[in-house]
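Residues in the sequence shown are numbered from 512 upward in steps of one, following my numbering.
For every residue, glycine included, the Cβ atom is placed at its ideal position computed from N, Cα and C.
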Amino acid sequence: MKKFQFSLDTVLRYKQQILDSCQNQYAAAMERVRRQEQRLRQAEQDYRDWNREFRQEEAKGISIADAMKYENGLRVLEARIQQEEARLAQLQAEAEEKRRQLIAARQDTASLEKLRDHKLELYQKVVQKQDEQFIDELVSTNRVMAGQSS
């Protein structure tokens, strides 16, 4: 009997390639999210540091010009934080879309793998049945041959 061959093997290989690509794209998207989260944390830390320095200098007594410098610096840092938050939200949305694509690719691949497994199981049952028939025929032939020689 010929070897088992799944008729949709090329489709399954193609779907597996798509799945691999989706996994790589999702991993890259998540890495961009992690880097952006780090940028946001750094911007927030810069704000806290600048604000602490401002409060310390203010407690010592500073000029209006210096106070304005600190206030402007805080406003710039607030704007940076808002930009970093907006960028993070955008990257998270992109990562979520990649995750959805990954799930769809996994489902496609899994359904084809289940179909292949089912076809293989049916093939193995047919092979087993043929082997059993062959053995039965062999035993019957041996009995007939043994009966003729006596």
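In the assembly as shown, L613 is a buried residue. Its beta-carbon has 16 or more other beta-carbons within 10 Å.
The alpha carbon of S622 has as its nearest neighbour, out of K514, F515, Q527 and Q516, the alpha carbon of Q527.
The stretch 568–587 makes no contact with the stretch 617–636: fewer than 3 CB pairs, one atom from each, lie closer than 8 Å. The Cβ atoms of I592 and A554 sit closer than 7 Å to each other. Taking the CA atoms as reference points, L588 sits about 34 Å from N535.
Taking the Cα of K513 as reference, the smallest distance to any Cα among K571, Q601 and V638 is reached at V638. The beta carbon of R550 sits closer than 7 Å to those of E595, all from its chain and outside the five residues before and after it, given in chain order.
For K609 and Y537, the gap between their C-alpha atoms comes out near 5 Å. When secondary structure is reduced to three states using DSSP, K513 falls in the coil class, being assigned neither helix nor strand.
A residue is called buried once 16 or more other Cβ atoms fall within 10 Å of its Cβ, and L633, having fewer, is exposed. L602 is positioned such that its CB atom lies no closer than 7 Å to that of F515. Taking all protein chains shown into account, V650 has fewer than 16 neighbouring C-beta atoms within 10 Å of its C-beta and is therefore exposed. By the neighbour-count definition (other C-beta atoms within 10 Å, threshold 16), V522 is an exposed residue.
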